[in-house]
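Visitor: Quick one: this structure, given as structure tokens, is what I'll be asking you about.
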Amino acid sequence: MENNIVEDVQNARGDKEYSAGGAKDKDKEPRIIAFVCNWCTYNGADLAGTSRMKYAENVRVIKLPCTGRIDPLFVVEAFKKGAKGVLVSGCHPGDCHYTSGNYHSRRKYTAFRDLLSYLGVDINRVEFSWISASEGNKWVSVINEFTNKIKLLPDNSDIFSKK
Amino acid sequence: MEEKYYEISSDNIEKFVNNLVAQNNEVIAPKDKDGDTFYDKITDFKDADLNILLPKLSFKEYLLPKTETLFEYSISGSNINILDPLENAGADGGNSGKKSVKRIIFGSRPCDAGAGPIMEKVFNWDYKDEFFNEKFKNLYIISIACVQPDNYCFCTEAQLSPESSYGSDILLKKGGSGYYAKVITEKGLELINSTSENAGLFKEIPKEAFPADKDWKAAFDIKKTQGFLDKNFTSSYFQEKFLSCIGCGICTYTCPTCHCFDIQDEGTNEKGKRIRNWDSCQFGIFTLHTSGHNPRVTQGDRYRQRLMHKFKVYNEKFNKYLCVGCGRCSRNCPEDIDLREITSELSLMEDNITQ
Amino acid sequence: MARIGVFVCWCGSNIAGTVDVKRVAEEAAKIPGVVEAVDYKYMCSDPGQNTLRKMIKDKNLTGVVLAACSPHMHENTFRKAAVKEGLNPYFIEIANIREQVSWVHEDKEKATEKAIDLLKMMVEKVKKNKAIEDVRVPLTKKALVIGGGISGIQAALDIANGGVEVILVEKEPSIGGKMIQLDETFPTLDCSSCIMTPKMVEVYQHPNIKLYTYSELEEVSGYIGNFNVKIKKKARSIVEKDCTGCGDCWNICPMHKNVKSEFNVNLSERTAIYVPFPQAVPLIPVIDRSVCLHYKKGGKCQKCYDACGPKCINFDLQDEIIEEKVGAIVAATGYDLMENSLYGEYGYGQFKDVISGLQFERLLSASGPTEGVVKRPSDGKTPETIVFIQCVGSRDPEKGVPYCSKVCCMYTAKHAKLFAHKVHGSQSYVFYIDIRATSKGYEEFVRGTMENEGAIYLRGRVSKIYEDNGKLIVKGADTLSGNQVEIAADMVVLATGVIPKKGSDKMAQMLGISYDKYGFYTESHPKLRPAESSTAGIYLAGMAQGPRDIPESVVSGSAAASKILGLFSKSEYEVEGTIASVNKTTCVGCFYCRRVCAYSAISKEEIKDRNGNVLKVVANVNSGLCAGCGACVNACFSKSIDLKGYLDEQIFAEIKSLAV
Amino acid sequence: MENIYLPKLAVIKEIIQETSDTKTVRLTVDGASIDYLPGQFGEFSCIGEGESTFGFASSSLRKEFFEFSFRTSGRATAGINSLNVGDSIGFRGPYGNFFDTGKMKGKDIIFIGGGIGMAPVKSILEYCLDERNDYGKITVLYGAKTVMDLMYKNAIEEWKSFANTDVVITVDPGGETPDWKGRVGFVPTILEELPVKGNNAIAVVCGPPIMIKFVLKSLEKMGFNKEDIITTLENRMKCGIGKCGRCNIGSVYVCKEGPVFTAKEIESMPNDF
Amino acid sequence: MEKMNDKLQNTAKELLENKEVNLIIGFTKGSNPLRMRSVFITDPNDVSKLSFNAHCVQDLAVFLKKPEVKKFGKIGLVVKGCDEKAVNTLIQEYQLSRDNIKIIGVECRGAVKQNLADKGEDSVKQSTVYDKCLVCEVHTPLLYDYLVESDEPAFEINGDIKPYAKIEELDAMSVEDRNMFWQKEFEKCIKCYACRQACPLCYCTRCIVEKNTPQWIETNIEETGNAQWNMIRAYHLSGRCIGCGECERACPVNIPLMLVNEKMARDVFEKFGYKSGVDINAKPVFGTFDANDFNEFIK
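Chains as they are written, first to last, in the numbering used here: chain A, 1 to 163; chain B, 1001 to 1355; chain C, 2001 to 2660; chain D, 3001 to 3273; chain E, 4001 to 4299.
Here's what the structure looks like:
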């Protein structure tokens, strides 16, 4: 049954314009967009670099000043534009460069996740993490684990992007 | 074409409709969806819900889809390629002109049927909108005359009637062994004669045998409504009456004849399409200038525009009222604004002024 | 009309080893709006920067994207280079293809693809950039210090010594705060007033310090660099400039009974016209109008007036409102002690010889009510056995506060030590939960009290105290031995917990700074900006932030001062222009933005028509206060507020460039 | 089957940055201009961002290109703003009616424009200047909020070079700079000071609604007949061809029966603009 | 009902006569006997138009956002308990000053579903009223200046009908099935924005959907644009929706919007203990935070 759904969806995608050439699309690595704060996670990711750690290439980082600036609707926009997974990451609670941006954001995302899931978006496709500037290794493991998770998810679309 | 008249039994009408489905036609009929009726594709006659007065929405979207691709584009560097859906098989599932499929509306009401030819005027008064025309050309309408209009109906006042055949290809009336049929157009005839089996289901009868229309009386004179609108643009009536309007636009979206649209581009940096979407004069942004100036500031201004357009402007331009009196705007209005009541009030006010 | 130049940096082999830089540049050149894309070995080198500058000039670029190392490395370098060519620095964007591509990936093909993507994102972002001017706020180079305790005094002196004018406002008639009430200070046992008094005098005499005692802050408006403050100078009933502090007035005042001395924590009495303590600064008395017979009896008594040589007593003086403009504020409002009476089982208020730690300080003090001889308040006898109880109210979420008051362990050890010094052969018992003695010399100090002075430390709580035959019977548990203990004491000293100064919440609201659930002011960042409040231009010092000891209070005072001196060292206060701005046409004034702003940077602004009628109220961003976090942008439903440098459009453009 | 919504691709030949947020774009289709008349408008689009309606700003007698001016304000204009010379712009048109040049021939004409409303005025003005001898005295009155907001600086110099042509430029009070040599004052005020008479003369007016309102009053004071005052209306439009239902004023579809109207015609319209 | 109407009319009359308000917004008889509609009264002599019954489905608080209505200044508003919560939220969100509104609360015994009333239903019972009436905790408004008590007995709830039962059903579904469910629902959407216009709390003068720089919500009236619109509408109402159900009632294509609103209200209450529209002085749930907020989903 489940397979049928997946096939149906793929078939449906196949003859519509936005699938951009079926077969090639399937081979394509899933795209992950990471919205990260400038002060903790971005630095954490940089640290992974200076430490020459290796991780999956799928992630594309968009830097914002603070998790408080990462509008949940950016996640929707990322899905709209074909991202398979979205990561939101910032400073640990209590460490926000702007005192409370991550707290406000956490509240919004709590509700937002519920809403997404309720509306039928596989919530496995959205990941949240607190990664400090010293946690290069955490960045690496979060990206790798998330990428693997996304690869295992059925290529099911969401309600925001064209099937 | 000279009209033709037939009788058809209840069993045969079912066969006829099922034949039309079997002939790979898209047959649209009123259909129950969770307790409300909408026009929708049917695969069997039994899917059709012919007992209700009117589906909640009209079948306007088969003439003017909610969203319609006007063209597609692709961009690479400074190269732009434009793909005309009227010339090429469209990608948006038959909404575009060229690929427009033959659609049969079965069981529409005379009011809904009347909307097509009324709208056809604005889509062809100068520039010809082939998107509309293609769909209109391929839309076959079999309507069933009403027996008992409800409180919100005012087709008679809107210069149609519960038994009007204006806009229908075939008009059915209940009676005899099932229905009497009046075939008004070649398209109607085409349906009946599509196969010999279909043709055999209909028994031709003389015009006289076809039941005559009842003497429907208009409760008020729509010309007087127009008369009032002609002279009273600044009447306080509009501002007071529409304090209760929340500007939701349901009246326009569920109206069979409202045809305003918006044009937008959608896509990625590489490719996309220009689409037109339903729009509504009830929205403040509809006429908002870039400068921030808005000619129609209040909801009163905006509802007045709707009245003016329907009962004055359109008639002056095209000699037709942009209203079929279906009453959907009233029935669906969450604030119980009743267009029949309003048009009638305006005609009375015109009376009072002239007296 | 975007004219964007792209530079792909090799960073030697750091980038070029893993990323096909030539291909990245070739792909970049194909992006609409990119007029030229080049690769270069080291963009950050002088020749590299010159290449950048040359292209900006030659190609009349409207934007530059560098695919290079992390923006945290060289964004400023490149921005400065761009500014030299007249390009707004915010038209420079960096695609991080070193730290986040070449150093973390091995597959050259995939790394190159990722680099191209990151570059595309930045090209699309820079297309939507708008010129941003950094915000410059003029500075009134004068500081206000609220609170004349040790941290306020330290802050005021440091600022004043830095050559900046200071206004010091103290609520009480004298500065000195809690510290001047202390006897000797741990762990060095130097006399508190010996080290405090000179500082107080220095404040009084400092040419750069304007001191308002017996004064309160009435109103604060404005923002960093430009605060307007109103100070209410309460009427002392003394013409201050004429007073010599001779004491003739208070010596003759008939009201010397029943008025408890605040300074001596109710252990002695004072007169209606009084100085709180002999070394008060300023040494000018004040008439307590709530008890003075002149005021109470319709002007009959004027003994002090009669006694006053310079005739500086004026019963008709009124409160005065003084307006000042300042550029920065230090909130050093100090602390209070919890009410001991919360603990009925300890009998405070019921038994005269159950006293607070601060009262014990006064009993120890040579300037105190007993001139430094330890005497029981009940009968004046010198106690031989004292029980000290720690954590009275502290670390007690049920009755008191959950936090540790930090100073009690140390001052109790000090009390026990001083008691042993003053009363030979005496015995101290200390009930404690834990001993926290973490600063330099503290642990040794406590050890000394135990080992050298013979104080007996009992780990456990006291369950009950009752009086029996002139003794206070203290029943408690010694959890280490598991025994119940019962001590017949002559006196019990309670180490009561520290709480924020009464009214500190009101003060915080007036200042527009945030405070925690207890009322302590919260730091802008607990680690990185411990001296700053959440509001720009307002700094914090002392116990107002939470429990701390004298050295820490002094350090915090100095820290606040150095922040202010740093702020004032420039001609204008400069903030990055990447701040929020409001579209006032579409703002509906729901003020969710204001609710989430941690910097009080959003205020209400009335939009009026020509006749002055308010059409609507909208949000307004104070550019001096906005820190540019963007929380307000997310809070806005109608998207009427946006963050410069990180506009919604820019983020969308970045996402769109990745569309698959 | 003709797709009436399908744009032609016009190529940007030149972009003139008029003010900080306005530009004039010169376009060609197949290397040349297109057939149109002053007063008409077109639908110009940045493909992928959307269409916007602008009147032509150039003289239709000049065959090497056609131009329009715009202010960046929304998504479509921001899209157009991002384009460079050589890029393509989607174009539909020309649409709408045009200035009746026959009626203007032999007469004195005053051209009055405010802000970006000068664009259609420029079109008809330059048309007349291109056949200068067919017309009487020409007066140009162009006003902007501030000196910074003045468009068409190069064109203005060209207009001044014609014989029997007065060019008056004004900025609103407070909008002048120290070295400003033009006039200072609102357009209607300056207009009344000009030596222009309404007999045997035509006035062409375009600008913001409030300016038009006062200019019409002034022109009437100066003796102009309502039939001889011609203006253009700038209603919000989408399709430009009488379908989308947006631009009507009473029974007049501005996109088809306009945008050029005489003051007389406007007077008979309901106040819905 | 007569007594109720009398009190309603007297209250309104007094308010108008004493110039305490310039406008009364209330209910009056509508286009058929089982429909009620809003009425705007400025003349004390017109108060006889006011009446109330189980067909007063509209949330009149919606009018408080209309500029045309705001112009009247002080307004007297007839509200049911559920709708009154909207007034509270408007005050909380600075859209309304408490001084400018006189709340004429009416005790409500439940409102008959309009689609049933249109088919002739006139009785108030658990099978005929809205789901919101079955879970209603505010038959008497929380905040009012005047209270008009109901003459009617409360209807009986025997538990046969589980309000918003579909929510649990959806929660139990697989994510794919939920996806399909909502896709089918949103496909019907015609983007008339009636849900927005009918909502008393959608008061933005420029809705996010009208902003195109950037284009937050695709303009198409197809699966993607519809889903985005419905999702963002629900998101903006999360923690704010007071459950009046007007969006769902207005929806001409019967999208069960209350299933989303109610679900979000439940989640917000569960996670943050916050109920919207209860306290005019409360901090809105998304205008504040707690350091100990729900953190489980974050790595």
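C-beta: ideal position from N, C-alpha, C; glycine also.
(1) Taking only beta-carbon atoms, is Q4095 (chain E) less than 8 angstroms away from chain C?
(2) Counting only the same chain and skipping the five closest in sequence on each side, list residues whose C-beta sits under 6 angstroms from that of L1064 (chain B).
(3) Consider the Cβ of L1063 (chain B): report whether some Cβ of chain E lies at a distance smaller than 8 angstroms.
(4) State the DSSP-derived secondary structure class of E4196 (chain E), mapped to helix, strand or coil.
(5) Using a beta-carbon distance cut-off of less than 9 angstroms, what residues from the region 4217 to 4229 of chain E approach chain D?
(6) Look at F79 (chain A) and Y109 (chain A) and say whether their C-beta atoms are less than 8 angstroms apart.
(7) Using the C-alpha atoms, what's the distance from L1288 (chain B) back to G1094 (chain B)?
(8) At 7 angstroms on the CB atoms, spell out the chain B contacts of A4198 (chain E), in chain order.
(9) Is it true that the region 2489 to 2503 of chain C meets the region 2392 to 2407 of chain C, where meeting means three or more beta-carbon pairs spaced less than 8 angstroms apart?
(10) Applying a beta-carbon distance threshold of less than 7 angstroms, which residues of chain B neighbour S2657 (chain C)?
(11) Could one say the Cβ of I4242 (chain E) lies closer than 8 angstroms to chain A's Cβ atoms, at least one of them?
(12) If you measure from the beta carbon of A1091 (chain B) to each beta carbon in chain C, is any gap under 8 angstroms?
(13) Following the continuous beta strand (DSSP E) through C2009 (chain C), name the residue where it begins and the one where it ends.
(14) When you compare the CB of W139 (chain A) with every CB in chain E, is at least one pair closer than 8 angstroms?
(15) Less than 8 angstroms between the CB atoms is what I'm expecting for V2019 (chain C) and S2102 (chain C), so what's the real figure, rounded?
(16) For K151 (chain A), collect the residues of the same chain with a Cβ closer than 7 angstroms to its Cβ; drop the 5 residues on either side in sequence, then sort them by chain order.
(17) Can you list the residues of chain E that H104 (chain A) reaches, using a CB-CB cut of under 7 angstroms?
(18) DSSP on N4212 (chain E), reduced to helix/strand/coil?
(19) Between the C-alpha atoms of G1300 (chain B) and C1251 (chain B), what's the straight-line distance to the nearest angstrom?
(20) Determine whether the Cβ of L119 (chain A) lies closer than 8 angstroms to any Cβ atom of chain E.
(21) Between E1995 (chain C) and K2656 (chain C), how many whole angstroms is the CB-CB distance? I'm expecting something under 8 angstroms.
(22) Leaving out the 5 sequence neighbours to the left and right, which residues in its chain are closer than 6 angstroms to E2666 (chain C) when beta-carbon positions are compared?
(23) Taking the Cβ atom as the reference point for each residue, do M3211 (chain D) and T3053 (chain D) lie within a distance shorter than 8 angstroms?
(24) On a Cα-Cα basis, can you pick out the residue from C:T2585, C:Y2432, C:S2556 and C:C2304 that is closest to G2149 (chain C)?
(25) Nearest by alpha-carbon distance to L1053 (chain B): which of B:G1272, B:K1320, B:W1125 and B:S1108 is it?
(26) For a quick check, are the C-beta atoms of T2412 (chain C) and F2388 (chain C) less than 8 angstroms apart?
(27) Quick one: what does DSSP say S1078 (chain B) is sitting in, helix, strand or coil?
(28) Please name the residue or residues paired with H2525 (chain C) in a DSSP beta bridge.
(29) Can you list the residues of chain E that R107 (chain A) reaches, using a CB-CB cut of under 9 angstroms?
(30) Any contact between the region 3217 to 3225 of chain D and the region 3032 to 3047 of chain D? By contact I mean 3 or more CB pairs, one from each, below 8 angstroms.
(31) Between the region 4109 to 4119 of chain E and the region 4038 to 4056 of chain E, are three or more C-beta pairs nearer than 8 angstroms?
(32) By DSSP, does S2439 (chain C) sit in helix, in strand, or in coil?
(33) Can you tell me the Cα-Cα spacing of P3270 (chain D) and T1234 (chain B), whole angstroms?
(34) Strictly by DSSP, which residues pair up with P1030 (chain B)?
(35) Going by DSSP, what residues sit across from W130 (chain A) in a beta bridge?
(36) If you follow the beta strand (DSSP E) that N3003 (chain D) is in, where does it begin and where does it stop?
Guide: Considering the structure as presented:
(1) As a working note, residue 4095 (chain E) is residue 95 in the fifth sequence. With 8 angstroms as the cut-off, Q4095 (chain E) counts as an interface residue toward chain C.
(2) Position 64 of the second sequence, counted from the start, is the residue given in the question as residue 1064 (chain B). Counting only Cβ-Cβ distances below 6 angstroms, and skipping sequence neighbours, we find H1259.
(3) The residue you call residue 1063 (chain B) lines up with position 63 of the second sequence. No, L1063 (chain B) lies away from the interface with chain E (no Cβ there is under 8 angstroms from its Cβ).
(4) Position 196 of the fifth sequence, counted from the first residue, corresponds to residue 4196 (chain E). Here residue 4196 (chain E) is Arg; the residue named in the question, Glu, does not match the sequence. Looking at R4196 (chain E) - three-state DSSP - the assignment turns out to be helix.
(5) From the region 4217 to 4229 of chain E, no residue has a Cβ closer than 9 angstroms to chain D.
(6) Position 79 of the first sequence, counted from the first residue, corresponds to residue 79 (chain A). Position 109 of the first sequence, counted from the first residue, corresponds to residue 109 (chain A). In this structure, Y109 (chain A) does not lie closer than 8 angstroms to F79 (chain A) by Cβ.
(7) Taking the first residue of the second sequence as position 1, residue 1094 (chain B) is located at position 94. Taking the first residue of the second sequence as position 1, residue 1288 (chain B) is located at position 288. Confidence in G1094 (chain B) is poor, its pLDDT being 44 and thus under 50, which makes the residue's placement too unreliable to answer from.
(8) Working through the fifth sequence from its first residue, we reach residue 4198 (chain E) at position 198. Near A4198 (chain E) (Cβ distances below 7 angstroms), the residues of chain B are I1246, C1248 and P1334.
(9) The region 2489 to 2503 of chain C makes contact with the region 2392 to 2407 of chain C: 3 or more CB pairs, one atom from each, lie closer than 8 angstroms.
(10) Stepping through the third sequence from its first residue, residue 2657 (chain C) is reached at position 657. Within chain B, the C-beta atoms nearer than 7 angstroms to that of S2657 (chain C) come from N1269, in chain order.
(11) Position 242 of the fifth sequence, counted from the start, is the residue given in the question as residue 4242 (chain E). For I4242 (chain E), no CB of chain A lies under 8 angstroms from its own CB, so it is not counted at the interface with that chain.
(12) What you label residue 1091 (chain B) is simply residue 91 of the second sequence in a count that begins at 1. Its pLDDT being 46, under 50, A1091 (chain B) is placed unreliably by the model, and the measurement read from it follows with that caveat. For A1091 (chain B), the answer is no, since every Cβ of chain C falls outside 8 angstroms of its Cβ.
(13) The residue given as residue 2009 (chain C) occupies position 9 in the third sequence. For C2009 (chain C), the enclosing beta strand (DSSP E) has its first and last residue at I2004 to C2009.
(14) The residue given as residue 139 (chain A) occupies position 139 in the first sequence. Among the CB atoms of chain E, none fall inside 8 angstroms of the CB of W139 (chain A).
(15) Numbered from 1 along the third sequence, position 19 holds the residue referred to as residue 2019 (chain C). Numbered from 1 along the third sequence, position 102 holds the residue referred to as residue 2102 (chain C). About 5 angstroms separates the two Cβ atoms, so the contact holds.
(16) Taking the first sequence and counting its residues from 1, the one referred to as residue 151 (chain A) is at position 151. For K151 (chain A), where only same-chain residues beyond five positions count, the Cβ hits under 7 angstroms are P30.
(17) The sequence position of residue 104 (chain A) within the first sequence is 104, counting from 1. Those are F4289, listed as they occur along chain E.
(18) The sequence position of residue 4212 (chain E) within the fifth sequence is 212, counting from 1. Here N4212 (chain E) carries a strand assignment [DSSP, helix/strand/coil].
(19) What you label residue 1300 (chain B) is simply residue 300 of the second sequence in a count that begins at 1. What you label residue 1251 (chain B) is simply residue 251 of the second sequence in a count that begins at 1. Whole-angstrom Cα-Cα distance: 14 angstroms.
(20) Translated into positions along the first sequence, residue 119 (chain A) becomes position 119. At least one chain E Cβ lies under 8 angstroms of L119 (chain A).
(21) With chain C covering only 2001 through 2660, there is no way to say anything about residue 1995 (chain C).
(22) Outside the shown range of chain C, which is 2001 to 2660, sits residue 2666 (chain C), and nothing can be said about it.
(23) As a first step, residue 3211 (chain D) is located in the fourth sequence; it is residue number 211 there, counting from the start. As a first step, residue 3053 (chain D) is located in the fourth sequence; it is residue number 53 there, counting from the start. A distance of 8 angstroms or more separates the beta carbons of M3211 (chain D) and T3053 (chain D).
(24) Indexing the third sequence from 1 puts residue 2149 (chain C) at position 149. Taking G2149 (chain C) as reference, the option from C:T2585, C:Y2432, C:S2556 and C:C2304 with the minimal CA-CA separation is C:S2556.
(25) Locating residue 1053 (chain B) in the second sequence gives position 53, counting from the first residue. Shortest Cα-Cα distance from L1053 (chain B) to any of B:G1272, B:K1320, B:W1125 and B:S1108 involves B:S1108.
(26) Sequence index remark: in the third sequence, residue 2412 (chain C) carries index 412 (1-based). Sequence index remark: in the third sequence, residue 2388 (chain C) carries index 388 (1-based). Yes, Cβ-Cβ distance for T2412 (chain C) and F2388 (chain C) is below 8 angstroms.
(27) For the purposes of this step, residue 1078 (chain B) is identified with residue 78 of the second sequence, where counting begins at 1. In the structure shown, S1078 (chain B) sits in coil (DSSP, three-state: anything other than H, G, I, E or B).
(28) Indexing the third sequence from 1 puts residue 2525 (chain C) at position 525. The secondary-structure analysis by DSSP pairs H2525 (chain C) across a beta bridge with C:R2529.
(29) Counting from one through the first sequence, the residue named residue 107 (chain A) turns up at place 107. Proximity of chain E to R107 (chain A) at the Cβ level (cut-off 9 angstroms) is accounted for by G4239, K4271, F4272, V4285, F4286, T4288, F4289, D4290, D4293 and F4294, in chain order.
(30) With fewer than three CB-CB distances shorter than 8 angstroms, the region 3217 to 3225 of chain D does not count as touching the region 3032 to 3047 of chain D.
(31) At 8 angstroms Cβ cutoff, the stretches touch.
(32) If you number the third sequence from 1, residue 2439 (chain C) lands on position 439. If DSSP states are grouped into helix, strand and coil, S2439 (chain C) belongs with coil.
(33) Position 270 of the fourth sequence, counting from 1, holds the residue named residue 3270 (chain D). Position 234 of the second sequence, counting from 1, holds the residue named residue 1234 (chain B). If I take the Cα positions, the gap works out to 8 angstroms.
(34) Residue numbering aside, residue 1030 (chain B) sits at position 30 when the second sequence is read from its first letter. DSSP, once it has assigned bridges, lists B:Y1039 as partnering P1030 (chain B).
(35) Here residue 130 (chain A) refers to the residue found at position 130 when the first sequence is read from its first residue. Partner residues in the beta bridge of W130 (chain A), as assigned by DSSP, are A:G90.
(36) Along the fourth sequence, one-based indexing puts residue 3003 (chain D) at 3. Per DSSP, N3003 (chain D) lies in no beta strand (DSSP E) and is assigned neither H nor E.
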